[in-house]
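S.K.:
In UniProt numbering, the protein residues as written are 1 to 226.
(1) If I measure Cβ to Cβ from residue 205 and keep anything under 7 Å in the same chain, skipping five residues before and after, which residues do I get?
(2) Check each candidate in 12, 85, 73 and 119 and name the one with the smallest Cα separation from residue 44.
(3) Would you report the Cα separation of residue 56 and residue 48, rounded to the nearest angstrom?
(4) Output needed for residue 242: all residues of its chain with C-beta closer than 8 Å, excluding positions within five of it in sequence on either side, in chain order.
(5) Where does residue 97 sit, in a helix, a strand or coil, going by DSSP?
(6) Pick from 69, 122 and 20: whose alpha carbon is nearest that of residue 51?
(7) Mapping DSSP to helix, strand and coil, what is residue 67?
(8) Could you name the residues of the same chain whose beta carbon sits closer than 6 Å to that of residue 22, not counting the 5 residues immediately before and after it, in chain order?
(9) Closest by CA to residue 90, which one among 77, 67 and 109?
(10) Helix or strand or just coil, what does DSSP make of residue 234?
(11) Quick one: grab the DSSP three-state call for residue 180.
(12) Are residue 115 and residue 162 touching if we call contact CB-CB under 8 Å?
(13) CB residue 60 to CB residue 18, shorter than 8 Å?
(14) Is DSSP giving residue 57 helix, strand or coil here?
(15) Could you tell me the distance, in whole angstroms, from the CA atom of residue 95 to the CA atom of residue 54?
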């Protein structure tokens, strides 16, 4: 008779995987994860049949915790895209500062092709209100299939820079607090009233004349002056 699975061991494996993926990316080995959790590698595969299954279950678990936290900080009656984009961004930054290891892990997993469409669908369908808010608050080009990955990478990169700065540079953070840093990332992806029906806003985001690039250059200049 097979021994019953232990929730404590499963949780230990998920926590070890979080640290491993945060530090080494998704290339982290299952043997290292098992060793960190204090179990044999064979035990890991009793709980997760494959490494991809572990990746997807961990991604889903972290994402669901993140989205619950974000929703708790949002105003469901707020209809202004600018304010919704700001609130979504600020909630994400707050979560990242409080959970640096989970943020690093999700940052590395989010862009991986090993995270299945089914897993991403589960996240989206679990919180339709947040998905709808994002649809109304983010520039249309970043919601398209062609540039969704670029938009995700841009958001995550800006967020990672903001979180790292706010978390690990106390001296400068004293001069420019996390609350002051948070608004820096929102302008380049936020939808504005001029975006609706504006074909210019749907040009390739890789072109340097797009407002995204001008915004990033302005942010870079601002950071250098601090």
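For each residue, glycine too, the CB sits at the ideal point set by N, CA and C.
The structure displayed is predicted, hence computed values, not measured ones.
M.R.: Based on what the coordinates show:
(1) As a first step, residue 205 is located in the chain shown; it is residue number 205 there, counting from the start. Confidence at residue 205 is low in this model, with a pLDDT of 41, below 50, so the placement of that residue is unreliable and no value is reported for it.
(2) Taking the first residue of the chain shown as 1, we reach residue 44 at position 44. Ranking 12, 85, 73 and 119 by Cα distance to residue 44 puts 12 first.
(3) Here residue 56 corresponds to residue number 56 of the chain shown, with the count starting at 1. Here residue 48 corresponds to residue number 48 of the chain shown, with the count starting at 1. Each residue's Cα considered, the two are about 10 Å apart.
(4) Not covered by the structure: residue 242. The range shown for the chain is 1 to 226.
(5) By one-based count along the chain shown, residue 97 stands at place 97. Residue 97: helix per DSSP, three-state reduction.
(6) Position 51 of the chain shown, counted from the start, is the residue given in the question as residue 51. Residue 20 is the option with its Cα nearest to residue 51.
(7) Your numbering for residue 67 matches position 67 in the chain shown. Helix at residue 67.
(8) For the purposes of this step, residue 22 is taken as the residue at position 22 of the chain shown. Result list for residue 22: 101, 104 and 105, in chain order.
(9) Translated into positions along the chain shown, residue 90 becomes position 90. It is 67.
(10) Here the chain comprises residues numbered 1 to 226, so residue 234 is not present and cannot be evaluated.
(11) Here residue 180 refers to the residue found at position 180 when the chain shown is read from its first residue. Any reading at residue 180 must be qualified, since the residue scores a pLDDT of 48, below 50, and its modelled position is unreliable; no value is offered.
(12) For this step, residue 115 is matched to residue 115 along the chain shown. For this step, residue 162 is matched to residue 162 along the chain shown. For residue 115 and residue 162, no; Cβs fall outside 8 Å.
(13) Walking along the chain shown from the start, residue 60 turns up at place 60. Walking along the chain shown from the start, residue 18 turns up at place 18. Against a cut-off of 8 Å, the Cβ pair of residue 18 and residue 60 comes out as no contact.
(14) Counting from one through the chain shown, the residue named residue 57 turns up at place 57. Three-state DSSP puts residue 57 in a helix.
(15) Working through the chain shown from its first residue, we reach residue 95 at position 95. Working through the chain shown from its first residue, we reach residue 54 at position 54. Their Cα atoms are separated by approximately 23 Å.
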